[in-house]
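**Student:** Position in the sequence shown (from 1) plus 9 gives the number in our numbering.
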Amino acid sequence: MSEDKKSGKKKIVTTAGKKKKASPARPKRRKRAVKVKEPMLFGKENFKWMLAGVGLIAIGLFFMMGGNMPSSDVWDESIIYSHRRITIGPFFILAGLILQFFAIFKKK
């Protein structure tokens, strides 16, 4: 080693000739993630109110559907613009939307 320092040459070390011992293949074990159980955003009663709101919206849409004429040559305003289609149906839809709003903001 003292000769290497005097001559200024660097010593090269190779590892190609050395054989490594083969280690048995083991699957790496992953740490199991800890599942944090978060509380539900809405309670059971909130979901009941939401379901009632969806039901009211469906009833409103049911009241508004229809309106086909008995004949394509006849135009009857009482069929298209009936009280059921322009007043009762939208009222049920708005009531359902208000109920949805209430269900979302109601505390548990």
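Every residue gets a Cβ at the ideal spot worked out from N, C-alpha and C, and that includes glycine. Being a predicted model, the structure only gives us computed values, none of them experimental.
1) V63 by DSSP, collapsed to three states: which one?
2) According to the Cβ coordinates, are I68 and F101 closer than 8 Å?
3) By Cβ distance, which residues of its chain are closer than 8 Å to G17, with the 5 residues on each side in sequence left out?
4) If you check the beta carbons only, do I88 and G98 fall under 8 Å apart?
5) Within 10 angstroms of the Cβ of F72, are there 16 or more other Cβ atoms? Answer buried if so, exposed if not.
**Tutor:** Reading from the atomic positions:
1) One-based indexing of the sequence shown puts residue 63 at position 54. The three-state reading of DSSP puts V63 in helix, counting H, G and I together.
2) Looking up residue 68 in the sequence shown gives position 59. Looking up residue 101 in the sequence shown gives position 92. In this structure, I68 places its C-beta atom within 8 Å of the C-beta atom of F101.
3) By 1-based counting over the sequence shown, the position of residue 17 is 8. Within the same chain, G17 has no close Cβ partners at all.
4) The residue given as residue 88 occupies position 79 in the sequence shown. The residue given as residue 98 occupies position 89 in the sequence shown. Going by C-beta atoms, I88 is not nearer than 8 Å to G98.
5) The residue given as residue 72 occupies position 63 in the sequence shown. With 16 or more other Cβ atoms within 10 Å, it is buried.
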